[in-house]
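Peer 1: Dropping a structure here in structure tokens format, bear with me for questions.
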Ligand SMILES: Nc1ncnc2c1ncn2[C@@H]1O[C@H](COP(=O)(O)OP(=O)(O)OP(=O)(O)O)[C@@H](O)[C@H]1O
Ligand SMILES: Nc1ncnc2c1ncn2[C@@H]1O[C@H](COP(=O)(O)OP(=O)(O)OP(=O)(O)O)[C@@H](O)[C@H]1O
Ligand SMILES: [Mg+2]
Ligand SMILES: [Mg+2]
């Protein structure tokens, strides 16, 4: 087509002033980052031990399971839903799988176990997605239902006994370290191998969101599902995919949790979902969908991890820890809203 | 007592501790085939859930209840109503329960806490920093144990208690994170005394991974089977426990006696190992406090005698 | 126009299409033919099925009965992807832009989606995306700079969004472009550009199907007219062969003549005066006054500040300069609530998102403003009094249903708008600001809305109509203010001026100001 | 009221089915007066919290109240400590009870208003806000009580509230029904109620109509807090003691009850009576499972399955179909010419 000169009468969208405020508004994850840095400075001032390599390694390790969950939750928030069943998915897959490995296939290689966990989680997640799509109700409601369902199935039919005797290859995987060194008091500090799964999953999620049509379709659906449908984005596929994706990450998180803890406790994990959602929201994703970023999500996870793992370090007595945690969430959220305005 | 029913209500069903208790309840049921004997418990560690179950059992007309309260205080009102209605009520792990007919304890809580601390002090050589874990601040027995421990530690002026009463919520992973954090804050820490059943697993893992097994002492409540690996590696110094199987049987035995209109008297034999010669005193309320002799402190060398 | 018997010459043919929504029979046997390179104008009253037939062609709805023949192939129903693949591109009435995605993505994602046959599990070509979007944006006369291309569409003014939606439709190799009321928020200049674009599309053998209530645009574009009434196609033919009266008659089944509605005259009492009012850089130095019972029109291009002025007078936007006096009392209008308390009412432009509670009853939507005045002595809402008031409003606004318990969403757009305007009758405001009171409303509904507006002025309410629809202003107002780049540049007597005069004044002054 | 509410019909049918099933399976004990009373007295705690959740959901904008049970516990503990510090329980039972009860409501009201203020003034999303205050309230309770149970004692009047009967009906249940009735009327017939629902349905249009979102949101969350305070009162009255970690599972259950009652999480729609029925159903089902002696894990499963069934039934519009058979359907366009 012939290039037409711009119409002089065309109203130009007014340029936003390139102020810090505007930048924060466009990139809410920067707000999370600022909060994270501020918190770290405060903690380090209160107790310089915080800056030791060992504490960073500990944070890194502690963030893995929450981080994997959070990446999944981010995808769900982006598509405009909320999921509270992912912990139940993780618990169901990790426990059934461990049971299976112990009783039926004790020599299963770790890689295979991880793959099964991912696939198993994805299948349960896909079930969520299909239900959300067919029932046409907010996913919060559907996943409250499936959380009870999955957990009920796990505890009523699969088992409640703690599995303490894991197959050696799983224990080794949990123990395998990426790097390790000795700290001042002769203690060994080691960053476990499984830590790698978190950054890897983050990169994968980033690629999925930014480099594939699916990523755009997820944001499109989160922006307005009806419109996305009429523009030809297959809603059934989008929903099934997103929930399966979250389920897969949850399955992975579950099996890592087992290997790291060297036991499979079917009562674990369920009950942490609200905290994970809070982490993602603190990372800049809006609860109404269609926004957010992987970077923000990771920041949010680190934020929650740092706060959770520093209360003793800072010297806050047990009795006061909840008060401080609650105030932190409120203050961070308030700061967030203020900066975004 | 033909056809009478006794239901044991535990804090939470499915976990190893109460699964072990279930074996005792089943044993007791086999021994008393003419009675209807069961064990139930909530799916989640929530006193409100346990309350509901007990209330429904009362409404259903169960003759006797043997309860391990999640939180003795919370069910006081309900137990009073149950007894008003004629239901037999026996409790366990609740020596402060006012509204119970008989509370059965495996041992004296202060003695138990002190015994664990004695073991810890021995390991620490009577000096160094140590800390304590409880399931939650509201858990009375746990607070009693660590309290008695603190009291005992006063005998060793060089033992310094730091950041005490960390809450573990009986979650091994959370305890692990917290133990790491404490080890970072106090690199020279020498001892842990823990209370909830999973605490030794979390702290033990933290010690083992830091390569400090044998260098840091850990004494706490735990079960032999789950703790085995850490006991072997030296990450756990010793575990203290009592056998829930026996406790369950003892409760049921007391309930059966009460159903038959019998009396509980000092020095009597409940017919259960560790409860052959119980001390009976007045309890916190109108009921009785029955204390057995069921304390066990096991280490690397001795835990194999108790495989559960 | 050749009408060959063979199927393949038509781009699209509909045969005996029926559509039922539950109990509603929206389409009752529609037959229609679309050929390449032709322009079509689909006309009809609100609710006659225009949007529905479009949604069937573009694959949003499945027909209940009938056959769609696309490129000679017969389908029982189309999926959105099938329609897009065949080159059917649609600018929906609600624009259907994704609010959180950028302009670039909104415009160009569709192309990659369609070329992948709807598959989502494939990489996204960012470079191609940028190129496609750039070209399409240029074609609708916007400047494809980074600021525009990377803004989320939710941040854009309506007129720009409308053009972005058009850009999306032409970004692909379209063969049929459907536009459902594409010009509702475009100014004349923008409409001119659109008409040029249509000519260009037709020259490339692309068919264009318009749905519109603006007849004069249809006449300018030319081509075929298709008239719907009650879910049926009642006429199809060359638009030049039909007069306005013919078309009105075909659409409504009755005669409606174009007339000046304004009958009354303003009283002498001054109700509102703005002196040197300004707000940020949206508008400056606005001074005018409004008499009791007067109807004042305000028009201008979409960025002329007229929207902001309307918002500032009604408490939605802060006034940063100058002052407002109501009945000679200087005052501040800090919030919508304060505006209402001071007797200033506002009928917003976007009735669905800003005006109506769409799934609440007509009753609740009509007495919205007076809940606090309907109390009985127990502090409860006196339902009898309330329903009385609501019935009164329905009657005044000649609503087509007497069942005030229906959800307002069950009404057609024209009736919905009447509910929204009628709401203000309940508090008899001193001043009522109407923003685009008949956007997307058909002739019949317009007629009754205008009558109601005149009746309000008769009762002493002062009205301000902010609108693009020049005939509307000419027919209804006493005076018309023309705004531009934030200033009032002209004041005209509506009875004596004409459309041409307003346009000239509007555009000439635009260039003057711009210089 | 003009159209039979599908959800209501469904809930009532379910109650009847559960009662019949329970009666048959337990050989009648389930339907005994004692059990009915027992179940009735268990409903209010969760019922109050669920109505609170419903109110928050109705306010729209992702409204939800996660802080309910934390607030209930805080109300019990704070008010208990306060009342005990002024009146000895044994000597002034009536004064004590009144102080305690009012104290519970005041604490709830303040906590709820705090939620409302944070949400409407600071603009924090309800889910984050109430998550934060949930931790905060729990924390305050822990600090006040050092994590221990606080013994409120059972002076006669307080005991009556928790365990007494009025013509064989548990007083706590009567209180619950009375409060629900009042709230139902408030929501339906007062300007506040109608405006709440309209604001929830379309916040923007509400603003254009001059509703004060600030006031509506604050009042709504304050009411939700008040209900939590009442739940705290009932808990104290029934259990003699209050503690910070009581009822941790109530958080999701309250949402479950609200959702099963057909409350739309998007806002603008919810009926108190449905929530009451829904709470009753959950109680009936849960007691039934305890009666049959099924594992408590099955209860989780049953709740999940029940909720999904509700959704399926709604989706397939079975109830609407049922209703059309009952009443002649009005065609919205019948009057169109
Ligand atoms: N989603 C729907 N559900 C139920 N009925 C519908 C739906 N969409 C349209 N209708 C019905 O179809 C009829 C035609 O609606 P449609 O939107 O096609 O009208 P229209 O001609 O586009 O009107 P307008 O000129 O106002 O845009 C309406 O009367 C309405 O009753
Ligand atoms: N979801 C729906 N359910 C029932 N009827 C609907 C629905 N959506 C639209 N309608 C019907 O479609 C008709 C037309 O709707 P539409 O949104 O196109 O408004 P409109 O009458 O076309 O007004 P306008 O021309 O201003 O858009 C209305 O009469 C309405 O009853
Ligand atoms: Mg329309
Ligand atoms: Mg239309």
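Residue numbers (our numbering), protein chains in the order written: chain F, 1 to 341; chain G, 1001 to 1308; chain E, 2001 to 2515; chain A, 3001 to 3337.
For glycine and all other residues, C-beta sits at the position ideal for the given N, C-alpha and C.
How far does the alpha helix (DSSP H) with residue 213 of chain F in it extend, from its first residue to its last?
Peer 2: That run of the alpha helix (DSSP H) goes 213–223.
Peer 1: Looking at residue 2230 of chain E and residue 2048 of chain E, is the spacing between their C-beta atoms short of 8 Å?
Peer 2: Their beta carbons are under 8 Å apart, which means residue 2048 of chain E touches residue 2230 of chain E by this criterion.
Peer 1: Assign residue 2331 of chain E to one of three DSSP states: helix, strand, or coil.
Peer 2: In the structure shown, residue 2331 of chain E sits in a strand (DSSP, three-state: E or B).
Peer 1: Just the chain A side, please: which residues come within less than 8 Å of residue 288 of chain F by C-beta, in chain order?
Peer 2: Per Cβ cutoff of 8 Å: 3062.
Peer 1: Run the CB neighbour count on residue 70 of chain F, radius 10 Å, all protein chains shown included, and call it buried at 16 or more, exposed below.
Peer 2: Answer is buried; the Cβ neighbour count reaches 16.
Peer 1: Find the residues of chain E that neighbour residue 3190 of chain A, judging by a C-beta separation of less than 7 Å, and give them in chain order.
Peer 2: Per Cβ cutoff of 7 Å: 2379, 2380, 2381.
Peer 1: In angstroms, rounded to a whole number, what distance separates the CA positions of residue 3374 of chain A and residue 1091 of chain G?
Peer 2: This structure cannot speak to residue 3374 of chain A, because chain A is shown only from 3001 to 3337.
Peer 1: Below 7 Å CB to CB, which residues in the same chain sit around residue 117 of chain F once its five sequence neighbours on both sides are set aside?
Peer 2: If we look at residue 117 of chain F and ignore the five residues flanking it on each side, its Cβ neighbours are 93, 94, 97, 251, 252, 254, 255.
Peer 1: On the criterion of 16 or more Cβ atoms from any shown chain inside 10 Å, does residue 3167 of chain A qualify as buried, or is it exposed?
Peer 2: Flag for residue 3167 of chain A reads exposed.
Peer 1: Are at least three pairs of beta-carbons, each pair with one atom in the stretch 1194–1209 of chain G and one in the stretch 1166–1174 of chain G, less than 8 Å apart?
Peer 2: Touching, yes.
Peer 1: Could you compute how far the alpha carbon of residue 2296 of chain E sits from the alpha carbon of residue 2431 of chain E?
Peer 2: So the alpha carbons of these two residues sit roughly 11 Å apart.
Peer 1: Need the endpoints of the beta strand (DSSP E) that residue 2321 of chain E sits in, please.
Peer 2: Note, residue 2321 of chain E: beta strand (DSSP E), 2321–2326.
Peer 1: Could you give the first and the last residue of the continuous alpha helix (DSSP H) run that contains residue 2056 of chain E?
Peer 2: Residues 2050–2057.
Peer 1: Any chance the stretch 188–195 of chain F sits against the stretch 170–178 of chain F, with 3 or more Cβ pairs inside 8 Å?
Peer 2: Short answer: they touch.
Peer 1: Tell me residue 2291 of chain E's beta-bridge partners as DSSP assigns them.
Peer 2: The partner list for residue 2291 of chain E (beta bridge, DSSP) reads E/2270.
Peer 1: Assuming the contact rule is C-beta atoms closer than 8 Å, residue 1250 of chain G and residue 1275 of chain G should be a hit. Round their C-beta distance to whole Å, please.
Peer 2: Contact flag correct, Cβ pair sits at about 5 Å.
Peer 1: Going along the stretch 3210–3241 of chain A in order, which residues come within less than 8 Å of chain E, judged by CB to CB distance?
Peer 2: Within the stretch 3210–3241 of chain A, the residues whose Cβ lies closer than 8 Å to some Cβ of chain E are 3210, 3211, 3212, listed in chain order.
Peer 1: Whose C-alpha, out of E/2499, E/2039, E/2489, E/2460, is nearest the C-alpha of residue 2265 of chain E?
Peer 2: Comparing Cα positions, the closest option is E/2460.
Peer 1: Tell me the rounded alpha-carbon separation between residue 1360 of chain G and residue 3084 of chain A.
Peer 2: Only positions 1001 to 1308 of chain G appear in this structure, which leaves residue 1360 of chain G out of reach.
Peer 1: Our contact map puts residue 3112 of chain A next to residue 3250 of chain A with C-beta atoms below 8 Å; I'd like the distance itself, whole angstroms only.
Peer 2: The Cβ separation is near 16 Å, so there is no contact.
Peer 1: Taking beta-carbon pairs under 9 Å, can you tell me which members of the stretch 2316–2345 of chain E lie near chain A?
Peer 2: Of all residues in the stretch 2316–2345 of chain E, 2316, 2335, 2336, 2337, 2338, 2339, 2340, 2341 have a Cβ within less than 9 Å of some Cβ in chain A.
Peer 1: Does DSSP classify residue 1005 of chain G as helix, strand or coil?
Peer 2: Three-state DSSP puts residue 1005 of chain G in a strand.
Peer 1: Would you please state the rounded distance, in angstroms, between the beta carbons of residue 1309 of chain G and residue 3151 of chain A? I believe it to be under 8 Å.
Peer 2: As displayed, chain G neither begins before 1001 nor continues past 1308, which places residue 1309 of chain G out of reach and without an answer.
Peer 1: Could one say the Cβ of residue 152 of chain F lies closer than 8 Å to chain A's Cβ atoms, at least one of them?
Peer 2: For residue 152 of chain F, the answer is yes, since a Cβ of chain A falls inside 8 Å of its Cβ.
Peer 1: Is residue 100 of chain F helix, strand or coil when you go by DSSP?
Peer 2: Correct three-state label for residue 100 of chain F: helix.
Peer 1: Distance, Cα to Cα, residue 1147 of chain G vs residue 1098 of chain G?
Peer 2: If I take the Cα positions, the gap works out to 22 Å.
Peer 1: Residue 3172 of chain A: buried (16+ other C-beta within 10 angstroms of its C-beta) or exposed?
Peer 2: When all chains shown are included, residue 3172 of chain A counts as buried.
Peer 1: Would you grab the beta carbon distance between residue 3191 of chain A and residue 3060 of chain A for me? Rounded to a whole angstrom, and I think it's under 8 Å.
Peer 2: At roughly 17 Å, the Cβ-Cβ gap does not stay under 8 Å, so residue 3191 of chain A and residue 3060 of chain A are not in contact.
Peer 1: Along chain G, which residues have their Cβ under 9 Å away from the Cβ of residue 261 of chain F?
Peer 2: By Cβ distance, chain G contributes 1172, 1173, 1176, 1201, 1202, 1205.
Peer 1: Using 8 Å as the threshold, is the C-beta distance between residue 3217 of chain A and residue 3119 of chain A below it?
Peer 2: Cβ atoms of residue 3217 of chain A and residue 3119 of chain A: closer than 8 Å.
Peer 1: What's the gap between the Cα of residue 2314 of chain E and the Cα of residue 2346 of chain E?
Peer 2: When rounded, the distance between both Cα atoms is 6 Å.
Peer 1: Mind listing, in chain order, the continuous alpha helix (DSSP H) runs of no fewer than 4 residues lying wholly within the stretch 1107–1188 of chain G?
Peer 2: With a minimum length of 4 residues, the continuous alpha helix (DSSP H) runs that stay inside the stretch 1107–1188 of chain G are 1109–1124, 1140–1153, 1172–1185.
Peer 1: Looking at the C-beta of residue 134 of chain F, does it have a partner C-beta in chain E at a distance below 8 Å?
Peer 2: It does not: the Cβ of residue 134 of chain F has no partner Cβ on chain E nearer than 8 Å.
Peer 1: Under the three-state reduction of DSSP, which class applies to residue 121 of chain F: helix, strand or coil?
Peer 2: Reduced to three states, the DSSP call for residue 121 of chain F is helix.
Peer 1: Cβ atoms of residue 3228 of chain A and residue 3048 of chain A: under 8 Å apart, would you say?
Peer 2: Cβ atoms of residue 3048 of chain A and residue 3228 of chain A: closer than 8 Å.
Peer 1: Compute the Euclidean distance between the alpha carbons of residue 2416 of chain E and residue 2368 of chain E, then round it to the nearest angstrom.
Peer 2: Computed Cα separation, rounded: 14 Å.
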